[in-house]
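S.K.:
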Amino acid sequence: MSENLNKVDEFESKLKQAEEILAKLNDENTSLELSVKLLKQGQNLLNEATQILENAKLSVTQVEQ
Numbered sequence: 004m005s006e007n008l009n010k011v012d013e014f015e016s017k018l019k020q021a022e023e024i025l026a027k028l029n030d031e032n033t034s035l036e037l038s039v040k041l042l043k044q045g046q047n048l049l050n051e052a053t054q055i056l057e058n059a060k061l062s063v064t065q066v067e068q
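Residues in the sequence shown are numbered from 4 upward in steps of one, following the numbering used here.
(1) Cutting at 6 Å between CB atoms, please list the residues of its own chain near residue 45, excluding the five before and the five after it.
(2) Are three or more beta carbon pairs between the region 4-16 and the region 27-43 nearer than 8 Å?
(3) From residue 12 to residue 55, what distance separates their C-alpha atoms?
(4) Please classify residue 35: is it buried, with 16 or more other beta-carbons within 10 angstroms of its beta-carbon, or exposed?
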């Protein structure tokens, strides 16, 4: 059970970090070089968050069967 709560916390943390990156990307003072780095970081965070959701979906599917 606590593992599931950790995954929820991890997922929420990744989304929060992605939102912070998005705010920086929307800042007109952010350089192009930093924007590229932030974009890659954001993509990685969202991919990891998506993987957490996919694993949760698989777990729910297995429980239902």
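Using N, Cα and C, we set each Cβ at its ideal position, and we do this for glycine too.
This structure is a prediction, so every number in the text was calculated from the model and none was measured.
M.R.: Judging by the given coordinates:
(1) 21, 24
(2) no
(3) 11 Å
(4) exposed
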